[in-house]
């Protein structure tokens, strides 16, 4: 078996999220079906992804891995001279571009280093959320990636509110709980900037995120930015450690997974082993 790393991006608008679901169009489903078709695999392949994005969420820097029989690559190059897997991967990349729909693209395929796991080896995930408060609304050519907020937003208020959320905490107040899953996360970065065109961008980085966490954090800070809540409110919500009904999850289409960070190759296996351990807050 050969483990491949796939670097990819997608427009999430017409997908029911990453994960394969019966009767629904998903990113995982499109990719697995494309690989099965190209490599003429008798059994379904299974992709492991760095971050399982929700319906409507975009990705520019998503990472996944897949384990495939080495013999399956013979379908790519019918040549009497044997070729290594690495030599055949450019053919796979081109064929993926021809088979996949235009709203999902694989940018790079390579043989993964020993110990690599797209999910568990990751050190960080970086998301960007884009929102505009212009009175006239969002540029129609960018409406699929920017959310329009109808009230003016105070950038400094959102920056101050975000500062209280940094560090390792139990983010249960901002997550949808899943049975057996921890809500303890290390929020490494959460900052806001207003771009020259007026678009506000929140950059959110953590070692990992629980379900709906980024959009809940953004929704909380938008309430601070438009004056509906005081600047210290996000800290109070976090301390409550239970889902707060006052926190509204921001719309999906403003969110994009921009980058997944990994350690050097020699540290990949150790990182994966450490990540698999259930974490608890240190006192």
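In my numbering, the protein residues as written are 1 to 283.
Ideal Cβ placement from N, Cα and C applies to all residues, glycine included.
Q: Take residue 12 and list the residues in its own chain whose beta-carbon comes closer than 6 Å to its own, dropping the five residues that flank it on each side.
A: Excluding sequence neighbours, residue 12 sits near 56, 57, 58.
Q. Using CA coordinates, which residue listed in 104, 101, 276, 74 is at the minimum distance from residue 92?
A. Nearest C-alpha to residue 92: 74.
Q: Have a look at residue 273 and residue 265 and give me their C-alpha separation to the nearest angstrom.
A: Cα to Cα, residue 273 sits roughly 14 Å from residue 265.
Q. Cβ of residue 254 less than 9 Å from any chain D Cβ?
A. Of the protein chains in this structure there is only one, and it is not chain D.
Q | Chain-order list of residues whose beta-carbon lies under 6 Å from that of residue 9 (same chain, five-residue window excluded) | A | These residues qualify, in order along the chain: 59, 60, 105.
Q. By the 10 Å Cβ neighbour count, where 16 or more other Cβ atoms means buried, how is residue 122 classified, buried or exposed?
A. Counting Cβ neighbours within 10 Å, residue 122 comes out buried, since at least 16 surround it.
Q) How many angstroms separate the CA atom of residue 183 from the CA atom of residue 238? A) Going by the C-alpha atoms only, they are around 12 Å apart.
Q) So what does DSSP say about residue 210, is it helix, strand or coil? A) Residue 210 falls in the coil class under three-state DSSP.
Q: Indicate whether the contact test is met: 3 or more Cβ pairs, each with one atom in the stretch 39 to 46 and one in the stretch 112 to 119, closer than 8 Å.
A: No: the two stretches stay apart, fewer than three of their Cβ pairs being nearer than 8 Å.
Q: Return the residue from the list 126, 90, 84, 245 that minimises the CA-CA distance to residue 205.
A: With distances taken between CA atoms, residue 205 lies nearest to 126 out of 126, 90, 84, 245.
Q: Would you kindly work out how many angstroms separate the C-alpha atoms of residue 263 and residue 134, rounded to a whole number?
A: Rounded to whole angstroms, residue 263 to residue 134 spans 40 Å at the Cα level.
Q | Bridge-paired residues (DSSP) for residue 108 | A | When DSSP reads this structure, residue 108 sits in a beta bridge with 7.
**Q.** Cβ-based burial, residue 97 [other Cβ within 10 Å; buried from 16]
**A.** Burial call: exposed.
(Q) For residue 326, report the span of its beta strand (DSSP E) as first-last. (A) Nothing can be reported for residue 326: it is not among the residues displayed for the chain, which extend from 1 to 283.
Q) CA-CA distance, residue 284 and residue 52? A) Nothing in the structure corresponds to residue 284, since the chain is present only between 1 and 283.
Q.
Checking 9 Å against the spacing of the C-beta atoms, do residue 157 and residue 254 come in under that value?
A. No, the Cβ-Cβ distance between residue 157 and residue 254 is not below 9 Å.
Q: Leaving aside the five residues before and after residue 160 along the sequence, list all residues of the same chain whose C-beta is less than 6 Å from its C-beta, in chain order.
A: A distance below 6 Å between beta-carbons, with the five flanking residues on each side excluded, links residue 160 to the following residues of its chain, in chain order: 231.
Q | Cβ neighbour criterion (16 or more within 10 Å) applied to residue 141 | A | Exposed is the label assigned to residue 141, since fewer than 16 other Cβ atoms lie within 10 Å of its Cβ.
Q: Pull up the distance between the alpha-carbon of residue 162 and that of residue 261, whole angstroms please.
A: C-alpha of residue 162 to C-alpha of residue 261: approximately 22 Å in a straight line.
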